[in-house]
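Just so you know, the sequences run in chain order A and B.
One point on numbering: in numbering that gives the first Met the number 0, the residue at position 141 of the first sequence is 140, and numbering is uninterrupted.
One point on numbering: in numbering that gives the first Met the number 0, the residue at position 160 of the second sequence is 159, and numbering is uninterrupted.
Ideal Cβ positions, reconstructed from N, Cα and C, are used throughout, including at glycine.
Note that the coordinates shown come from a computational prediction; the quantities given were computed from them, not determined experimentally.
Here's the structure we're looking at; comments come further down.
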Amino acid sequence: MKDDFITIRGLKKSFGKNEILKGVDLDVKEGEKVIIMGSSGSGKSTLLRCMNRLETSDHGLMFFGERQIDLAHWLKKDIKYVRSNSSMVFQGYNLFKHMTVLENVMEGLVQCKGIKKLEAKDIAIHYLEKVGLSERLDYYPSALSGGQQQRGAIARALALQPKVVFFDEPTSALDPELVAEVLNVMEKIAEEGVTMIVVTHEVGFAKNIADRVVFMDRGYICEEGRPDQILRYPRNNRTKEFLNLIA
Amino acid sequence: MSIFDWQFFRGAIPTVLKDGLLNTLNLTIVTFIFACLIGLITALIKIYKIPVLYQISLVYVSFFRGTPLLVQILIFYYGLPTILNHYSTDYGWNVDISKIPPIIYMYVVFSLCYGAYISEVMRSAVLSVDKGQHEAAYTIGMSGPKVLSRIVFPQALSNALPNLGNYFVDIVKGTSLAFTATVVEILASAKIIGARDYRYFEAYLAAAVVYWVVCLIFEVLFRTVEKRSRKYERRPA
Ligand SMILES: Nc1ncnc2c1ncn2[C@@H]1O[C@H](COP(=O)(O)OP(=O)(O)OP(=O)(O)O)[C@@H](O)[C@H]1O
Ligand SMILES: [Mg+2]
């Protein structure tokens, strides 16, 4: 595996008086699949959202590709750089409601990458086939199941050919019988080399694809390691408790 | 003289249509377009709390919602020309203020008045768009203005359509006040033919019927547009 693609040092973030992230260091290599686990409220979503500037941070440094970014003072061009080289899959799917699945995937290609419509359509269809939605191109999100919406959102994120895709609990809002179809799609794309940072509690999925599992607790990373070791032989007490809870 | 002259009434309707309808529609549509623009801009100023403009928009909305339209019309129709006249002689603009047709003043005062009302519609429509929609748009690399124009406004607009439709009908009816500023719209034209034969009752009733039909037509129109704009919210059977 290549060098670190993302390096974060000393990330701190408070909401009002509550310090949510208390100094997080994280390194992610290019192509690496990192799973983030941890109890509710430990700051997992906030960590992801500080990386693509959906949230501002109070302190911290991030190297993202070639760029060095002061997380407390983002420059406009750095925001643009990070967002055009990353994308995000949300717990609540967030497909654009007024667009069909196909239009959802084409939107970023046409509006942000400046790709011609016809070409964008081909690219979009390619990715929608990959997630198994080629029969549903002209459906609006409201006409799709949660699993289908999430697969559409994954296609939208991937079609932009980002260096990194952030996933924030992509299966937590799904009915149990729909979780597998989304996880299968994610395992498939994991084989293709894109860097993935995934917040999830799906232990089986983590074992299958993760290069590394990171545990968060109360604003810190409390333990990290290879999935076969850390999931079976956690050392930190909080990690143990958490794994017992979700097992 | 009979109480109700059918003949006259039936004759009054086409006359009202011919003499007044055009100005009513003209004033309504121009007002609606500018009121929507003013309303949207005011709403954005309020949502983003843009300094100075924010305070100005608060006063603006409060004034135009807190005073009767008729009073605003009188102020603009009698007050504005006086001020313009004053400055035009002072600065030697050399424009003849009396040549400005009264409907121009009505465009201004109606747009400002309804813009104030519609700003509240626009504000809640923009705020009703889910935060996740904004966030998803940012994460695919969209710039702020594009997020608004491509994602937020289209969704906000279909949220706003029912209310906008109501305001459109309000404006149609509101334009009847423009007769005080000598604009010959539906009511004024009815008044004129009524005065000719002292058949005010028939003439005003003819005006009412025309207003009613016009409002019904636009209500149906807006409902159709609204249905089409909401097609994305329906689950197919
Ligand atoms: N916009 C916000 N304003 C105030 N507090 C917030 C905000 N967003 C998150 N928080 C708080 O920050 C803490 C961490 O939130 P975060 O969403 O990062 O946790 P999480 O680890 O993702 O939890 P979960 O598993 O429930 O998603 C929580 O206590 C939450 O209430
Ligand atoms: Mg979360």
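* To do: Taking only heavy atoms of ligand 1 into account, decide whether any of them is closer than 8 Å to the Cβ of S61/B.
  => Checking the Cβ of S61/B against ligand 1 gives no.
* Asked: In its own chain, which residues sit with a C-beta less than 6 Å from the C-beta of F107/A, not counting the 5 before and 5 after it?
  -> As written in the sequence, residue 107/A is Gly, which differs from the Phe given in the question. Around G107/A, the same chain offers L159 as residues with beta carbons nearer than 6 Å, after the five sequence neighbours per side are excluded.
* **Interface residues of chain B facing N93/A [CB-CB closer than 8 Å]** => Contact of N93/A with chain B by beta-carbon distance below 8 Å involves D129, G131, Q132, E134, A135.
* To do: Please report the Cβ distance between V181/A and K43/A, rounded to the nearest whole angstrom; I am assuming they are in contact, meaning their Cβ atoms lie under 8 Å.
  => Going by Cβ atoms, the distance from V181/A to K43/A rounds to 18 Å, so no, they are not a contact pair.
* For K43/A, verify whether its CB is less than 8 Å away from any heavy atom of ligand 1. => For ligand 1, at least one heavy atom lies less than 8 Å from the Cβ of K43/A.
* K226/B to L101/A, Cα distance in whole Å? -> For K226/B and L101/A, the gap between their C-alpha atoms comes out near 22 Å.
* Asked: Excluding the five sequence neighbours on either side, which residues of its own chain have a C-beta within less than 7 Å of the C-beta of A112/B, listed in chain order?
  -> Checking the displayed sequence, the identity of residue 112/B turns out to be Cys instead of Ala. Within the same chain, F63, L68, Q71 come within 7 Å of C112/B by CB-CB distance, once the 5 residues on both sides are set aside.
* **Alpha-carbon to alpha-carbon, F165/A and G30/A** => Near 13 Å, if we compare the C-alpha coordinates of F165/A and G30/A.
* Asked: For Q154/B, which residues in chain A fall below 9 Å Cβ to Cβ?
  -> Taking the beta carbon of Q154/B as reference, the chain A residues within 9 Å of it are F95, K96, H97, listed in sequence order.
* For F198/B, collect the residues of the same chain with a Cβ closer than 7 Å to its Cβ; drop the 5 residues on either side in sequence, then sort them by chain order. => Note that residue 198/B is Arg in the sequence shown, not Phe. Correct list, in chain order: D4, F7.
* Of the residues S56/A, N207/A, D167/A, the one placed nearest L230/A, counting alpha carbons only -> Scanning S56/A, N207/A, D167/A for the CA closest to the CA of L230/A turns up N207/A.
* Taking one C-beta from the segment 88-100 of chain A and one from the segment 147-155 of chain A each time, how about it: are there three or more such pairs within less than 8 Å? -> The segment 88-100 of chain A is in contact with the segment 147-155 of chain A.
* Report the residue from G59/A, L157/A, H200/A, P226/A whose alpha carbon sits nearest the alpha carbon of V184/A. => Of the candidates G59/A, L157/A, H200/A, P226/A, the one whose C-alpha sits nearest the C-alpha of V184/A is L157/A.
* Asked: Looking at D57/A and ligand 1, is the gap between the Cβ and the nearest heavy atom below 8 Å?
  -> Taken from the Cβ of D57/A, every heavy atom of ligand 1 lies 8 Å or farther away.
* The alpha helix (DSSP H) enclosing H58/A, as first and last residue numbers -> Not the alpha helix (DSSP H): H58/A falls in the beta strand (DSSP E), residues 58-63.
* Asked: Listing by chain order, which chain B residues have their CB less than 7 Å from the CB of Y219/A?
  -> Ordered by position in chain B, no residue passes the 7 Å Cβ test against Y219/A, which lies about 25 Å from the chain.
* If you drop the 5 nearest sequence neighbours on each side, which residues of the same chain put their C-beta closer than 7 Å to that of I44/B? -> Setting aside the 5 residues that flank it on each side, I44/B is surrounded in the same chain by L52, Y53, S56, each with a C-beta closer than 7 Å to its C-beta; the list follows chain order.
* For I2/B, which three-state DSSP category applies? -> In the structure shown, I2/B adopts coil according to DSSP, grouped into three states.
* Asked: At a Cβ threshold of 9 Å, is F165/A touching chain B?
  -> Closer than 9 Å: yes.
* Asked: Where G237/A and S56/A are concerned, what is the direct C-alpha to C-alpha distance, given to the nearest angstrom?
  -> Note on residue identity: the sequence assigns Arg, not Gly, to residue 237/A. Between R237/A and S56/A, the C-alpha separation is close to 26 Å.
* Asked: DSSP puts V27/A in a beta bridge; with which residues?
  -> Paired residue(s): I5/A.
* So K32/A is in the beta strand (DSSP E); what residue range does that whole segment cover? -> Unbroken beta strand (DSSP E) run through K32/A: 32-37.
* How is Q148/A classed by DSSP in three states: helix, strand or coil? -> Note: Q148/A maps to helix in three-state DSSP.
* Within 10 angstroms of its Cβ, does H72/A collect 16 or more other Cβ (buried), or is it exposed? -> With a 10 Å radius around the Cβ and a threshold of 16 neighbouring Cβ atoms, H72/A comes out exposed.
* **Outcome for F4/A when other beta-carbon atoms lying within 10 angstroms are tallied against a minimum of 16** => The residue is buried, with at least 16 neighbouring Cβ atoms inside 10 Å.
* Asked: Is E201/A near ligand 4, in the sense that its beta carbon is under 8 Å from a heavy atom of that ligand?
  -> Among the ligands modelled here, namely ligand 1 and ligand 2, ligand 4 does not occur.
* Answer yes or no: the CB of G114/B versus the heavy atoms of ligand 1, is any distance below 8 Å? => Because no heavy atom of ligand 1 lies under 8 Å away, the Cβ of G114/B does not count as near it: no.
* Using a C-beta cutoff of 9 Å, does E232/B count as contacting chain A? -> By this cut-off, E232/B is an interface position.
* Asked: What distance in whole Å lies between the Cβ atoms of I139/B and C49/A, which are believed to be in contact at a cut-off of 8 Å?
  -> Taking a contact as a CB-CB distance under 8 Å, the pair C49/A and I139/B does not count as one, their CB atoms being some 18 Å apart.
* Taking 9 Å as the CB-CB cut-off, is R149/B touching chain A? -> Taking Cβ atoms only, chain A reaches closer than 9 Å to R149/B, which makes this a yes.
* To do: Using a cut-off of 8 Å between C-beta atoms, extract the partners of F89/A located in chain B.
  => By Cβ distance, chain B contributes G131, E134, A135.
* To do: Please classify V247/A: does DSSP put it in a helix, a strand, or coil?
  => Residue 247/A cannot be examined here, being either before or after the span of chain A that is shown, 0 to 246.
* is_contact[G42/A, chain B] using C-beta, thresh 9 Å -> False, the Cβ-Cβ gap to chain B never drops below 9 Å.
* **Start-end ranges of the alpha helix (DSSP H) lying completely within the segment 172-230 of chain B, minimum 4 residues** => Counting only runs of 4 or more, we get 185-196, 199-228.
* To do: Would you mind sorting S110/B into buried or exposed? The rule is 16 or more other CB atoms within 10 Å of its CB.
  => Buried, because 16 or more other Cβ atoms sit within 10 Å of the Cβ of S110/B.
* Report yes or no: is there a C-beta of chain B within less than 9 Å of the C-beta of N236/A? => Interface with chain B (9 Å Cβ-Cβ cutoff): N236/A is excluded.
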